[in-house]
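See structure below.
Chains as they are written, first to last, in our numbering: chain X, 19 to 703; chain D, 25 to 396.
Printed below as a string of structure tokens:
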């Protein structure tokens, strides 16, 4: 080593330096190993102890699969406790491919038992081959009990086939309650996001309220879902059931609606497009809110077909719109009792007269009375029962628009009512300041003249007209209510002086029972008299149509407000028939609806006659129309299954007859039906 | 050791054997659970194999120093030939060509190469004149001895085993006293070449594993699934575990390979952090015994063998534990003495047998205090 001194100094390596180096380096290696060991132990401690909670949760969510059992929806009941919306046991058959040794043969056997067509069978085969084998595939749903039973008894030969009982929403009276109750359907993506991604909403077979009361009372009706916790393997196979919690059915909602009356009114509208509202004058209860034509909520709830939906959408009579709340019409002459009330309040003597010669010049225009020949001398009562326009043209100009507008609002026009509905169109009550603000033009005398006969800017919905009728009849500020849990309101508030109320009642009775415009609306009873007021609302100018014939769209709306009995009002309401060609289309419906209320037998007799001419009940006609429409569109539609549920009988209009017969058997004397709660015992289940 | 225990038994390296039995027994329990509470098919064969290989290790330990010196190069040469034979006539399994069918068993020569490389390098450095250690003559032949089998194993391709061979060889070179700057230079070169090798040398599936390791959540149902499920198993075990046979991750098949690569996760789920400490502690005892055998040896051959064999087993343990805890990419390296599998058990028992052999030499010629 010494010899190499001149060269670059090399490290001196001897046996002992090597041994030293080995010991040093072994120490380094040992330290590194120990360090790594400590690191690993620390890492494990971190995962297992510090993050234990997180991983335990993940392990549980791996292991446990929670499947929700959709809760049974709460029922929607009518005032007597009969279901307007209930749940029908729904039979379905699923297949679990993993548990089926020979899927082809099993599907073939099911196809035969359930009478499935080749398309359906092909769909099922495709789903079975595409899906993960442990997940059930639907073979058929909504099958009859007989088919369900047929599959059930053959189960030993059909391994992997699961017949199940579920529930689907059922509306016994179908289209009669479509707009009122709404319908249910599968939640869409927005609804799912809105409700905090509630997993219930995406559970197969679960439906939420989509419209009407079903939507408004969604939370009450929903109930609490049950849950089935199962342990699953990584591939999804169920190892064992851990626990099952039963669902809790949603709360029922009890409406003030009288189911049979609702059905009757809806059917009585017949071929027309319109609405009927009936209220109880003593409570404000809405007994009936029928709007026709309508849709069958049963179809919507089962997932409406493309063809059926386009039929509804394309109909010019808009069966998808609830006309009670969203139909706005010029109220026409139906405002005259209300205007009279305003006149009296402003001190006009009802006996003061004006001469009607068939028209009145206002400014440089002559406004015609509907009766070209004129009414002669007209006082207030005659103004109402003969519906003389000139009387109102004349005195409205003297009293001015503002008191009339205030009275209209007091009677409910232009108002929104505190009802559990998605939306109400509240229309317009025009007055000078309103016009100034909206159009920037001053109020003119002819505006007053137009408004005072319910034309011009004035617009109201049928519910408002019914409330107006109830308030005029009682003199109280009756508030409508739709569910029995809402308190009765407005009866402590006196709107009109009793003598004014008495005067208007008499005049309105004369419309029907005296020398008035609606003699044909007289009730077929000696002891019960109905009071009312007709109205005809022009839709287009006289240059386009005379309002009575020609294209449907151009015909006048027919309106009628009413209450009965006239001297001690119990029921009040309104009928509006779109493009009915005048009030003559409206008051016969009011008459029959009131007849049905007091004597169901007589009412049904009328309806049966009409339905024979029209081609069946509203439901039957809707089904027939759908079949015709579908045939025209080249689609094959299955025959409508017969409805043989016992439940059905309780809300159908005919149900009342059965109840009445029982009553009359018990008691020979047939009482006029003055209080609906009397028959509740028999009608509820 | 007291007089009650007979000398032949007292002589045995209980410092290593006791933790080894703990690992084997514990491993058998975990395998019992991984087979859903059954001795078949894993636990029974695990114990049986251990028994056979333990006998083999005791036989191995009886080799003398001279025999070991004499056999080092031939053994290396034979295994190298077998690696060539794998390339030529070996059969393909699991995407790579690793096995030789010997008729009565399937042999994976690359596994045997791990202890063989340690043996041959120890032989090489023990006979290399001391003065040549800092010269190229200490490096080039050793490099050749390492890189030839590594190249053959990479061709199979089997990255994990190649790395194990490089790791064992490099550690022997390091402790043989080669200049430290060479290792620094090699480390630097590796740092530069690694990215290139990553993109040029690695198979796409291997690259994907590395990416997944860096971000397991990016692919929770694909490759990241392994790491994620393994961490869930370990994490949900908590301090003392879910209890024997109660591990849901392994029993419900969420954990992949619960009986081989991920056996530590299977164990940790049922036995918790405490079980993990027992396993890590047992390995620590075995490694410290291995290192102490190396230090106690009075010749370079024995020192290097003991150290290299310890390092080889350590490499298995370290990579496997880092993998199951999400600190390393998923490479198919089982956990020694616990995982089910014959080849890895064979290799690891050869390593332990070799250390026992050095231990025997030490006892016959104890290191003299003054000579060092």
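Virtual Cβ for every residue (Gly too), placed ideally from N, Cα, C.
CB contact check: residue i to chain D, cutoff 9 angstroms
i	result
residue 77(X)	yes
residue 114(X)	no
residue 84(X)	no
residue 70(X)	yes
residue 97(X)	no
residue 257(X)	yes
residue 260(X)	no
residue 128(X)	no
residue 73(X)	yes
residue 25(X)	At residue 25(X), the pLDDT of 46 sits below 50, so the modelled position is not reliable and the matter cannot be decided from this model.
residue 247(X)	no
residue 31(X)	yes
Below-9 angstroms beta-carbon distance, residue i vs any chain X residue
i	result
residue 311(D)	yes
residue 293(D)	yes
residue 324(D)	yes
residue 278(D)	yes
residue 199(D)	yes
residue 318(D)	yes
residue 209(D)	no
residue 59(D)	no
residue 141(D)	no
residue 315(D)	yes
residue 36(D)	no
residue 308(D)	yes
residue 158(D)	yes
residue 110(D)	no
Of the listed residues the options, nearest to residue i (C-alpha basis)
i	options	result
residue 304(X)	318(X), 264(X), 280(X), 315(X)	280(X)
residue 279(D)	334(D), 270(D), 251(D), 352(D)	251(D)
residue 198(D)	162(D), 179(D), 224(D), 176(D)	162(D)
residue 112(X)	149(X), 609(X), 165(X), 181(X)	181(X)
residue 133(D)	151(D), 99(D), 164(D), 160(D)	99(D)
Contact under 9 angstroms by Cβ, residue i with residue j
i	j	result
residue 202(D)	residue 158(D)	yes
residue 125(X)	residue 161(X)	no
residue 245(X)	residue 263(X)	yes
residue 488(X)	residue 306(X)	no
residue 47(D)	residue 360(D)	yes
residue 249(X)	residue 81(X)	yes
residue 51(D)	residue 287(D)	yes
residue 169(X)	residue 155(X)	no
residue 128(X)	residue 176(X)	yes
Cβ-heavy atom distance, residue i to the ligand SAH, below 8 angstroms
i	result
residue 338(X)	Looking at this structure, you won't find the ligand SAH or any other ligand, since it has none at all.
For residue i, the first and last residue of its enclosing beta strand (DSSP E)
i	result
residue 377(X)	377–380
residue 114(X)	Taken as a continuous stretch (DSSP letters only), residue 114(X) belongs to no beta strand (DSSP E), as it is neither H nor E.
residue 578(X)	575–582
residue 144(D)	Element bounds for residue 144(D): not the beta strand (DSSP E) but the alpha helix (DSSP H), 133–151.
Endpoints, alpha helix (DSSP H) assigned at residue i
i	result
residue 224(D)	204–225
residue 302(X)	Counting along the chain, residue 302(X) falls outside any alpha helix (DSSP H), and DSSP gives it neither H nor E.
residue 35(X)	33–63
residue 402(X)	398–403
residue 17(X)	As shown, chain X starts at 19 and ends at 703. That puts residue 17(X) outside it, with no answer to give.
residue 206(X)	Premise fails: residue 206(X) is in no alpha helix (DSSP H) and is neither H nor E.
residue 124(X)	121–132
Could you tell me whether the stretch 59–68 of chain X touches the stretch 201–221 of chain X, where touching means 3 or more Cβ pairs closer than 8 angstroms?
no
The stretch 266–280 of chain X touching the stretch 568–584 of chain X, judged by at least three CB pairs closer than 8 angstroms
no
Cβ contact check for the stretch 373–390 of chain X and the stretch 608–628 of chain X: 3 or more pairs under 8 angstroms
no
May I ask you to verify whether the stretch 533–552 of chain X touches the stretch 447–460 of chain X, counting CB pairs closer than 8 angstroms and requiring at least 3?
no
Evaluate the contact criterion for the stretch 344–358 of chain D versus the stretch 70–77 of chain X: three or more CB pairs, one atom per stretch, below 8 angstroms.
no
Evaluate contact between the stretch 256–268 of chain D and the stretch 83–100 of chain X, counting only Cβ atoms and requiring at least three cross-stretch pairs below 8 angstroms.
no
The stretch 342–362 of chain X in contact with the stretch 484–499 of chain X per 3-pair CB rule at 8 angstroms:
yes
Contact between the stretch 293–302 of chain D and the stretch 326–340 of chain D is defined here as three or more beta-carbon pairs at a separation below 8 angstroms; is this criterion met?
no
Could you tell me whether the stretch 87–107 of chain X touches the stretch 187–195 of chain X, using the rule of 3 or more Cβ pairs below 8 angstroms?
yes
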